[in-house]
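This is the structure in structure tokens:
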């Protein structure tokens, strides 16, 4: 596709050398402008990912020189993940985004018959919302909260948190492998009707949720921390979970919190989260594992969750729109 002197095409070996400049420009801004927690793949690592098909890249050329690109993947069978849109400079950015998105929609047309497009619009990308609205994308607001290790106020809030007494029959333990199938059922029931299930449709089915849990437990989404995962037992049956993993470096994450409906409304989430956070803080304090922070993401309109995280010592860092486009069927 072309407009004026622009051409969009799939990145191939013919463009590897001239693509390096715009990709390295993205790398220099990944943390400062796009809120990446870790450095992205270096150029050679990115090219390797493109060649082994774990990433797909569309480039936009201006006078034969790449000045923008879009990266996506279909690693999750139920969705198409749009990972990043980056433009070199801000000149005519709206037109370049339009052309990249249209090429992306063209290339994924067949997959979009059954798959949702999921696009976390981190950092500067949040300014693209108006451009995507024209193509039918909808948006969910997400908030990122952080508990910074060594922050005296956050640690004091956690340490002084007063918990209710657990009712008879309840206890909290660490994760063991025999709880995995229970985790699948609890997380499925907790997430199947939430906004998360809109852009990650795996939550809508038991098999899809099993895929998510398997990837956490097997370390696909980062190092799994079973001792820090808190499991709520009722009469020795698992009915609630708070998962924990390492997304990279010294950054820990709480990706999943779920309790069966019959056990909600008893402040049991506080107990679960408190135990997980106390474990991670103590590990850092006593040198067993060193973390710089623990982070969590929740919807900006989930006031109950936001209030709970604040009570434990988390503080909002930033918000961003998560775009999604439903299947064409």
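Residue numbers (the working numbering): 30 to 358. The beta-carbon is built from N, C-alpha and C at its ideal position, and this holds for glycine as well. Bear in mind that the values here come from a model prediction, so they are computed numbers and not experimental data.
- By the Cβ test, the segment 236 to 251 is not in contact with the segment 302 to 317, since fewer than three Cβ pairs between them sit closer than 8 Å.
- In the three-state DSSP reduction, residue 199 falls in the strand class (E or B).
- Bridge pairing for residue 275: 252, 281 [DSSP].
- If you look at residue 298, you'll find it in the alpha helix (DSSP H) that goes 297 to 314.
- The segment 135 to 164 is shown to contain whole beta strand (DSSP E) runs of 3 or more residues at 145 to 149, in chain order.
- Residue 187 sits buried, since 16 or more C-beta atoms from the chains shown fall within 10 Å of its C-beta.
- Counting C-beta pairs closer than 8 Å gives fewer than three between the segment 285 to 297 and the segment 146 to 165, which falls short of the contact rule.
- With 16 or more other CB atoms across the displayed protein chains lying within 10 angstroms of its CB, residue 274 is buried.
- Cβ contact annotation for residue 177 (same chain, cutoff 7 Å, sequence separation greater than five): 183, 322, in chain order.
- Under the three-state reduction of DSSP output, residue 85 falls in the strand class.
- With respect to the 8 Å criterion, residue 110 and residue 138 are not classified as neighbours on the basis of their beta carbons.
- In terms of Cβ geometry, residue 355 and residue 145 form a close pair [threshold 8 Å].
- Considering only 102, 335, 266, the residue with the shortest C-alpha distance to residue 207 is 266.
- Per DSSP, the beta-bridge partners of residue 351 are 149, 169.
- Per the coordinates, the alpha-carbon of residue 325 lies some 33 Å from the alpha-carbon of residue 88.
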